[in-house]
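Each residue of the sequence shown is one higher than the one before, counting from 1 in full-length UniProt numbering.
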Amino acid sequence: MATLFEPISFGAIKAANRVVMAPLTRARAGKDAVPTPIMVEYYAQRATAGLIISEAVGISRQGLGWAYATGIWNDAQVKGWKAVTDAVHEKGGKIVCQLWHMGRMVHSSTTGEQPVAPSPSTAPGHIHTYEGKAPYEEARALRLDEIPGIIEDYIKAARNAMKAGFDGVQIHSANGYLLDEFLRDGTNHRTDAYGGSVENRLRLLREVTEAVIKEVGAEHVGVRLSPNGEVQGTIDSKPETVFIPAAKMLNDLGVAWLELREANPSSTFGGATEQPKLSPEIRKVFTRPLVLNQEYTRDDALKAVAEGKADAISFGRAYIANPDLVRRLKEDLPLQQDDMATWYGPIEAKGYTDYPFAK
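This is how it looks when you write it as structure tokens:
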């Protein structure tokens, strides 16, 4: 029986344990989407994770509409991330870059253009902009002739990620962002080759994954899905008919690992849902490492790995206030509580790099 603290390989990535740091948007970059020196310290502090999945990183200006978030489409951003990856590697850690196109979740005040999505729609709620919170705007449908350019942006971002020293990449296809919007019938109302049937709705994820694999090798590629429930207004009426085939497709393409963010009826952040978790069925069709995420306690994580329900567990909020989370879990030490008011920027240490390590 595996344990949470045993080594594991995510394709070419040899991880010292099965505690994964989930992607966490913290908005500490500059307005140019370049990583800042404070981010170097933040990630290095958490290098004992078996694998760090970076905060979501914009593949293009069009795809990055969150204030003070990071990108990886130009040389300055690559240089900024290189300082981060070097610091993590010096501490013996492993880190991958999560590739992000926000789709309809961007704001024109940041990108300079109307948001894009599979179909015209408006996300619920508000987004962080440089001027404060603002309502989401209506997105326009991507034209067929624009889709090859989106795929090329993913290729360039993956190439830049490896140039920046990341150990691999994770394709963000979850949480109501562009690729997830194409997957789900709640946001994809297209009638062309990218809409309608499940096969068509999977098409963009397949094409992006194939292109990224061709660029950096399948052994360096993971994918994130959020199979059940509503996330940021994005939902599917029959998720089992979409996400089980998606997992089978990703397995056949050879991706190195798959991470699932799964909500439940008592989820406190990101939306509770009555739609059942699909990981038991996905486990049957995805044969490489499966990482599960969503408010796992220490006991839940230990049990899930020991029983073979998952190969690793990714922790998000717990990593905000506990840079030494692996030690705290292993020794069953108390976890510090995070301050929600400091989750996102401005660029400062408070609530970011000032949480103490256990004595």
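From the three backbone atoms N, C-alpha and C, an ideal C-beta is built for every residue, glycine too.
Legend entry - Residues that residue 293 bridges to, as DSSP identifies them: Locating residue 293 in the sequence shown gives position 293, counting from the first residue. Bridge partners of residue 293: 261 and 314.
Legend entry - Option nearest residue 308 by Cα separation, candidates 316, 293, 278 and 283: To locate residue 308, count along the sequence shown from 1; it is residue 308. The shortest C-alpha separation from residue 308 is found at 283.
Legend entry - Residues near residue 59 by beta carbon distance below 8 Å, same chain, minus five either side: Walking along the sequence shown from the start, residue 59 turns up at place 59. Contacts found: 71, 72, 73, 99, 100, 101, 153, 154, 156 and 157.
Inset, instruction - Using alpha carbons as the reference points, say which of 19, 95 and 2 lies closest to residue 56. - result: Numbered from 1 along the sequence shown, position 56 holds the residue referred to as residue 56. In this structure, 95 is the residue among 19, 95 and 2 with its C-alpha nearest to the C-alpha of residue 56.
Legend entry - Start and end residues, beta strand (DSSP E) containing residue 105: Indexing the sequence shown from 1 puts residue 105 at position 105. From DSSP, residue 105 is part of no beta strand (DSSP E); its letter is neither H nor E.
Legend entry - Nearest to residue 243 (by Cα), restricted to the options 79, 22 and 260: Here residue 243 is taken as the residue at index 243 of the sequence shown, counted from 1. Minimum Cα distance to residue 243 is reached at 260.
Legend entry - For residue 227, the residue or residues it bridges with in DSSP: Here residue 227 refers to the residue found at position 227 when the sequence shown is read from its first residue. Answer is none; residue 227 lacks a bridge partner.
Inset, instruction - For residue 119, write down the residues that DSSP places opposite it in a beta bridge. - result: Within the sequence shown, residue 119 is the residue found at index 119, counting from 1. According to DSSP, which records beta bridges pairwise, residue 119 is partnered with nothing at all.
Inset, instruction - Kindly identify the DSSP beta-bridge partner or partners of residue 51. - result: The count along the sequence shown starts at 1 and reaches residue 51 at position 51. Beta-bridge pairing links residue 51 to 20.
Inset, instruction - Give the secondary structure of residue 135 by DSSP, where H, G and I count as helix, E and B as strand, and everything else as coil. - result: Looking up residue 135 in the sequence shown gives position 135. Note: residue 135 maps to strand in three-state DSSP.
Legend entry - For residue 99, the three-state DSSP class (helix, strand or coil): In the sequence shown, residue 99 corresponds to position 99, counting from 1. Strand, per DSSP.
Inset, instruction - Look up residue 189 in the DSSP assignment and say whether it is helix, strand or coil. - result: Along the sequence shown, read from residue 1 onward, the residue named residue 189 stands at position 189. Three-state result, residue 189: coil.
Inset, instruction - Look up residue 14 in the DSSP assignment and give the residues it is bridged to. - result: In the sequence shown, the residue the question calls residue 14 occupies position 14. In DSSP, residue 14 forms a bridge with 9.
Inset, instruction - Specify whether the stretch 110-127 and the stretch 60-69 touch according to this definition: at least 3 beta carbon pairs, one from each stretch, less than 8 Å apart. - result: Yes, since at least three Cβ pairs between the stretch 110-127 and the stretch 60-69 fall closer than 8 Å, the two stretches touch.
Legend entry - Separation of residue 26 from residue 37, as counted between CA atoms: If you number the sequence shown from 1, residue 37 lands on position 37. If you number the sequence shown from 1, residue 26 lands on position 26. Looking at the two C-alpha atoms, the distance is approximately 14 Å.
Inset, instruction - Would you mind working out which of 318, 200 and 93 sits nearest residue 118, comparing C-alpha positions? - result: Along the sequence shown, one-based indexing puts residue 118 at 118. Of the listed residues, the one whose Cα sits closest to residue 118 is 200.
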